[in-house]
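Report on the following structure.
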Amino acid sequence: MGFNVCFLVFLIRLLLLPVTFGSNMEQTTIVIDGEHRIAEIDENFVCATLDWWPPEKCNYDQCPWGYASLINLNLSSPLLAKAIQAFKTLRIRLGGSLQDQVIYDVGDLKTPCSPFKKTDDGLFGFSKGCLYMDRWNELNRFFNSTGAIVTFGLNALYGRDKLSGNSWGGDWDHINTQDFMNYTVSMGYAIDSWEFGNELSGSGIDASVSVELYGKDLIVLKDVIKNVYKNSQTKPLLLAPGGFYDEKWYSELLRLSGPGVLDVMTHHIYNLGPVNLAGNDPQLENRILDPKYLSGISGKFKNVDQTIQEHGPWAAAWVGEAGGASNSGGRQVSETFINSFWYLDQLGMSSMHNTKVYCRQALVGGFYGLLEKETFVPNPDYYSALLWHRLMGKGVLGVQTNASEYLRTYVHCSKGTAGITILLINLSKQTTFTVGVSNGVKVILQAEPMKRKSFLETIKSKVSWVGNKASDGYLNREEYHLSPKDGNLRSKIMLLNGIPLEPTITGDIPKLEPIRHGVKSPVYINPLSISFIVLPTFDAPACS
22 MGFNVCFLVF
32 LIRLLLLPVT
42 FGSNMEQTTI
52 VIDGEHRIAE
62 IDENFVCATL
72 DWWPPEKCNY
82 DQCPWGYASL
92 INLNLSSPLL
102 AKAIQAFKTL
112 RIRLGGSLQD
122 QVIYDVGDLK
132 TPCSPFKKTD
142 DGLFGFSKGC
152 LYMDRWNELN
162 RFFNSTGAIV
172 TFGLNALYGR
182 DKLSGNSWGG
192 DWDHINTQDF
202 MNYTVSMGYA
212 IDSWEFGNEL
222 SGSGIDASVS
232 VELYGKDLIV
242 LKDVIKNVYK
252 NSQTKPLLLA
262 PGGFYDEKWY
272 SELLRLSGPG
282 VLDVMTHHIY
292 NLGPVNLAGN
302 DPQLENRILD
312 PKYLSGISGK
322 FKNVDQTIQE
332 HGPWAAAWVG
342 EAGGASNSGG
352 RQVSETFINS
362 FWYLDQLGMS
372 SMHNTKVYCR
382 QALVGGFYGL
392 LEKETFVPNP
402 DYYSALLWHR
412 LMGKGVLGVQ
422 TNASEYLRTY
432 VHCSKGTAGI
442 TILLINLSKQ
452 TTFTVGVSNG
462 VKVILQAEPM
472 KRKSFLETIK
482 SKVSWVGNKA
492 SDGYLNREEY
502 HLSPKDGNLR
512 SKIMLLNGIP
522 LEPTITGDIP
532 KLEPIRHGVK
542 SPVYINPLSI
552 SFIVLPTFDA
562 PACS
């Protein structure tokens with residue numbers, strides 16, 4: 022997708038300009054190619070997970086899961102329901118480490134169906150567990166009432182035998198899954214997609230299955246799905262393997278399963294690494310604010326996309342699970358404002374490489390939950406996810422900038438409206454960026470130097486109005502500036518344009534109101550802040 026000649030000439034001239042004004046100010050222009058889409062995401066790109074962990078799941082003497090499991094989550098909470106309904110269509114992936122030990126309490130079972138229990142000889146320290154159909158009914162009533170789009174992770178170890186090390190062998194027994202699917206269809210429950218196994222690919226995490234067996238099993242599962250859904254108007258997608266990307270293993274899986282079997286290749290991302298010191302890792306904050314560290318994962322998104330293009334172009338790429346820091350997340354980091362730098366950067370970066378869906382671990386549970394596990398009060402990343410879902414459309418546009426590496430820039434077609442939406446992430450602790458925008462031929466927004474002002478002074482001097490209606494309508498742009506309360510990066514309160522985002526007195530999710538500026542005035546991005554900028558008048562033929 023090349024830029025035109027005019028664009029290239031303009032960009033060369035632009036990159037030769039001096040850009041920094043004073044020690045704390047930097048003027049920059051971003052050049053957006055509105056002629057071509059470099060990638061495309063799913064309409065419901067934002068996704069969150071629900072896991073199986075019982076309350077006894079602990080790391081570093083911390084037990085951060087409580088009653089956040091699929092088995093015991095309080096589905097009667099009004100705030101939980103409203104948090105999901107705010108998305109209108111939130112994609113939710115049901116699965117996790119224990120899914121390959123879950124037995125479905127339906128049909129003729131060979132073994133008893135009992136709850137998870139702590140045990141030394143079980144995977145991840147737990148016995149096999151049970152999904153009772155009464156609970157499955159409750160979950161589906163909840164998903165139906167909240168508009169959730171459901172992906173369910175299936176047990177890919179059922180019927181297999183443990184071999185040496187962490188390897189498992191033998192044929193997968195599909196009968197329990199088939200009975201479970203038949204029950205699900207008979208009840209009229211809508212499942213968007215079925216995912217086969219969790220972290221069993223490659224060397225696996227605690228358990229692994231060879232790619233030869235996995236490929237054969239996918240063909241069996243595809244036939245099961247076709248048979249169960251033969252009279253259904255909608256056919257669910259088949260996802261796999263839900264593990265950590267291994268080029269050889271993933272390529273071979275596509276070859277062995279063959280064309281049209283696997284609809285989506287899922288892989289997991291925990292690029293901030295395992296935390297230590299009782300879940301409170303002092304280096305975690307540094308990794309999140311390091312642009313070079315954040316960019317280190319981009320090659321993985323590119324390689325997954327390339328593997329699919331070369332070996333299975335009939336499939337799409339999803340991030341099936343991503344929590345940033347593994348082992349339940351980083352205490353006092355993953356649930357605070359600073360994590361949104363990592364999270365939104367991941368959404369932007371992955372979307373540039375044709376990742377269609379990005380599932381965040383977790384909606385509830387661990388330290389990385391979008392919602393608090395006891396109260397379901399949203400953490401900062403919840404509002405980041407909601408803004409992305411509402412503002413960032415399917416079309417991903419190419420962007421070039423002369424800014425320092427600390428200003429991260431991502432551009433999409435706007436969602437549900439004309440123009441484009443720009444995501445700007447300022448990782449710098451000192452620099453305020455004044456940002457101009459160009460389409461490669463002419464400057465749309467002029468960047469200009471200014472004297473250092475506080476965030477509120479900037480708003481007062483530059484906002485044309487705040488509310489629902491503009492005096493000159495289409496000539497205004499919308500801005501959503503995110504910052505932490507009291508400037509504390511580890512605050513659990515996020516500010517939107519200076520206003521705290523908290524549930525209302527009536528227990529509702531707050532409205533996410535933008536401020537509006539004259540469409541041609543510069544954009545100001547304060548240090549350690551994040552902004553969504555909606556430009557309704559930007560001419561982008563790729564978004565038509």
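Residues are numbered in this note's numbering as their position in the sequence shown, beginning at 1, plus a constant of 21.
Where a beta carbon is used, it is the ideal one built from N, C-alpha and C, also for glycine.
Given the structure is predicted, the values throughout are model-derived calculations rather than measurements.
My assumption, with CB atoms under 8 Å, is that E500 sits in contact with I554. Please give the rounded CB distance. On the sequence shown, residue 500 is found 479 positions in, with the first residue counted as 1. On the sequence shown, residue 554 is found 533 positions in, with the first residue counted as 1. E500 to I554, Cβ: 5 Å. Contact.
Closest by C-alpha distance to K377, when choosing among G55, I62, Q48, R58
The residue you call residue 377 lines up with position 356 of the sequence shown. The candidate whose alpha carbon is nearest that of K377 is I62.
Exercise for the section: Specify, as a first and last residue, the run of the alpha helix (DSSP H) that R162 falls within. Expected result: For the purposes of this step, residue 162 is taken as the residue at position 141 of the sequence shown. DSSP places R162 in the uninterrupted alpha helix (DSSP H) bounded by 154–167.
| said: List, from N- to C-terminal side, the beta strand (DSSP E) runs of 3 residues or more that fit wholly inside the stretch 504–545. | reply: Within the stretch 504–545, the complete beta strand (DSSP E) runs of at least 3 residues are 515–517, 536–539.
- Give the straight-line distance between the Cα atoms of K109 and I441, rounded to the nearest whole angstrom. Locating residue 109 in the sequence shown gives position 88, counting from the first residue. Locating residue 441 in the sequence shown gives position 420, counting from the first residue. Here the alpha carbon of K109 sits roughly 22 Å from the alpha carbon of I441.
**Item:** Buried versus exposed call for M413 [16 or more other C-beta atoms within 10 Å across all chains shown]
**Value:** Within the sequence shown, numbered from 1, the residue matching residue 413 stands at position 392. Flag for M413 reads buried.
Please list the terminal residues of the continuous alpha helix (DSSP H) segment that includes Y404. As a first step, residue 404 must be located in the sequence shown, where it is residue number 383. Element bounds for Y404: 401–412.
query = Would you report the Cα separation of F147 and R276, rounded to the nearest angstrom?
reply = Residue numbering aside, residue 147 sits at position 126 when the sequence shown is read from its first letter. Residue numbering aside, residue 276 sits at position 255 when the sequence shown is read from its first letter. Annotation: F147 to R276 spans about 34 Å, alpha carbon to alpha carbon.
- [ ] Rounded to whole angstroms, what's the CA-CA distance from L418 to Y427? Just pull it up for me.
- [x] Within the sequence shown, the letter at position 397 stands for residue 418. Within the sequence shown, the letter at position 406 stands for residue 427. Approximately 20 Å between the Cα atoms of the pair.
**DSSP state of A563 mapped onto helix, strand, coil** = In the sequence shown, residue 563 corresponds to position 542, counting from 1. It is helical.
Can you grab the Cα-Cα spacing for the pair K323 / T527, in whole Å?
Here residue 323 corresponds to residue number 302 of the sequence shown, with the count starting at 1. Here residue 527 corresponds to residue number 506 of the sequence shown, with the count starting at 1. When rounded, the distance between both Cα atoms is 45 Å.
When the Cα atoms are used, what is the spatial distance from V241 to H195? As a position in the sequence shown, residue 241 is number 220, starting the count at 1. As a position in the sequence shown, residue 195 is number 174, starting the count at 1. In a straight line, the C-alpha of V241 is about 8 Å away from that of H195.
Taking the alpha-carbon of K394 as reference, which of P401, N400, G386 has the nearest alpha-carbon?
Here residue 394 is taken as the residue at index 373 of the sequence shown, counted from 1. Closest option to K394, Cα to Cα, is G386.
Worksheet item: Taking the alpha-carbon positions, what's the L293 to L305 distance?
Response: Here residue 293 corresponds to residue number 272 of the sequence shown, with the count starting at 1. Here residue 305 corresponds to residue number 284 of the sequence shown, with the count starting at 1. Those two C-alpha atoms are separated by around 7 Å.
(Q) Just to confirm my understanding: we take L228, look at its own chain, exclude 5 residues before and 5 after, and list those with CB closer than 7 Å. What are they? (A) Here the question's residue 228 lines up with position 207 in the sequence shown. Contrary to the premise, residue 228 reads as Ala rather than Leu in this sequence. Spatial neighbours of A228 in its own chain (CB-CB distance under 7 Å, excluding positions within 5 residues in sequence) are listed in chain order as D121, L144, L178, N187, W189, L221.
Handout entry: Close-in-space but distant-in-sequence residues of the same chain around P548 (CB under 7 Å, 5 per side omitted)
Key = The count along the sequence shown starts at 1 and reaches residue 548 at position 527. In its chain, beyond the 5 residues on either side, N447, S449, K450, Q451, T452, T453 have a beta carbon closer than 7 Å to the beta carbon of P548.
Is the beta carbon of F66 closer than 8 Å to that of S372? Sequence index remark: in the sequence shown, residue 372 carries index 351 (1-based). Sequence index remark: in the sequence shown, residue 66 carries index 45 (1-based). With contacts defined by Cβ atoms closer than 8 Å, S372 and F66 form a contacting pair.
Candidates F358, G341, Q106, D267, of which the one nearest T328 by Cα:
The residue you call residue 328 lines up with position 307 of the sequence shown. The shortest Cα separation from T328 among F358, G341, Q106, D267 belongs to D267.
Could you check whether the stretch 358–374 touches the stretch 508–517, counting it as contact only if at least three pairs of C-beta atoms, one from each stretch, sit closer than 8 Å?
Yes, the stretch 358–374 touches the stretch 508–517.
Practice prompt. Report the option in K243, G168, K247 whose CA atom is closest to the CA atom of Y210.
Written response: Along the sequence shown, read from residue 1 onward, the residue named residue 210 stands at position 189. Of the candidates K243, G168, K247, the one whose C-alpha sits nearest the C-alpha of Y210 is G168.
### Query
When burial is assigned at 16 or more other CB atoms within 10 Å of the CB, is M202 buried or exposed?
Locating residue 202 in the sequence shown gives position 181, where the first residue counts as 1. Under this definition M202 is a buried residue.
* Asked: With A563 and C434 assumed to form a contact (beta carbons below 8 Å), what rounded beta-carbon distance in angstroms separates them?
  -> Locating residue 563 in the sequence shown gives position 542, counting from the first residue. Locating residue 434 in the sequence shown gives position 413, counting from the first residue. C434 and A563 do touch by the CB rule: their CB atoms are close to 7 Å apart, below 8 Å.
Skipping 5 residues on each side, what residues in its chain have a beta carbon closer than 7 Å to that of E478?
Working through the sequence shown from its first residue, we reach residue 478 at position 457. Confidence at E478 is low in this model, with a pLDDT of 42, below 50, so its placement is unreliable and the value that follows should be read with caution. The beta carbon of E478 is closer than 7 Å to none in its chain, skipping five residues each way along the sequence.
Subject >> C-beta atoms of T172 and D142 nearer than 8 Å >> reply: Position 151 of the sequence shown holds residue 172. Position 121 of the sequence shown holds residue 142. No, the Cβ-Cβ distance between T172 and D142 is not below 8 Å.
DSSP-derived helix/strand/coil call for A104: Within the sequence shown, residue 104 is the residue found at index 83, counting from 1. Judged by DSSP in its simplified three-state form, A104 adopts helix.
- Taking the C-alpha atoms as reference points, what is the distance between M286 and A60? Counted from its first residue, the sequence shown places residue 286 at position 265. Counted from its first residue, the sequence shown places residue 60 at position 39. One C-alpha to the other measures close to 17 Å.
- Item | Same chain, Cβ closer than 8 Å to I246, five either side skipped, listed in chain order | Taking the sequence shown and counting its residues from 1, the one referred to as residue 246 is at position 225. Residues of the same chain with a CB within less than 8 Å of the CB of I246, apart from the 5 flanking positions on each side, are M202, W215, K256, P257, L259 in chain order.
Taking the CB atoms as reference points, tell me whether A561 and G55 lie closer together than 8 Å.
-> The count along the sequence shown starts at 1 and reaches residue 561 at position 540. The count along the sequence shown starts at 1 and reaches residue 55 at position 34. In this structure, G55 lies closer than 8 Å to A561 by Cβ.
query: Is it true that the CB of L130 sits closer than 8 Å to the CB of W73?
result: One-based indexing of the sequence shown puts residue 73 at position 52. One-based indexing of the sequence shown puts residue 130 at position 109. Their beta carbons are not under 8 Å apart, which means W73 does not touch L130 by this criterion.
ask   = Going by the CB atoms, is the gap between L283 and G344 shorter than 8 Å?
value = Walking along the sequence shown from the start, residue 344 turns up at place 323. Walking along the sequence shown from the start, residue 283 turns up at place 262. Result no, Cβ atoms of G344 and L283 do not sit closer than 8 Å.
If you reduce the DSSP assignment to three classes, tell me which class S135 lands in. Locating residue 135 in the sequence shown gives position 114, where the first residue counts as 1. In the structure shown, S135 sits in coil (DSSP, three-state: anything other than H, G, I, E or B).
According to DSSP, is F147 helix, strand or coil?
For the purposes of this step, residue 147 is taken as residue 126 along the sequence shown, with counting starting at 1. Of the three classes helix, strand and coil, the one that applies to F147 here is strand, per DSSP.
Residue range of the beta strand (DSSP E) that N447 falls in?
As a first step, residue 447 is located in the sequence shown; it is residue number 426 there, counting from the start. Per DSSP, N447 belongs to the beta strand (DSSP E) from 441–447.
Original post:
Rounded C-beta distance between P133 and G150? I'm assuming under 8 Å.
Top reply: Taking the sequence shown and counting its residues from 1, one reaches residue 133 at position 112. Taking the sequence shown and counting its residues from 1, one reaches residue 150 at position 129. About 11 Å separates the two Cβ atoms, so there is no contact after all.
- Message: If the criterion is Cβ atoms closer than 8 Å, does the pair I51 and N460 meet it?
- Response: Numbered from 1 along the sequence shown, position 30 holds the residue referred to as residue 51. Numbered from 1 along the sequence shown, position 439 holds the residue referred to as residue 460. Result no, Cβ atoms of I51 and N460 do not sit closer than 8 Å.
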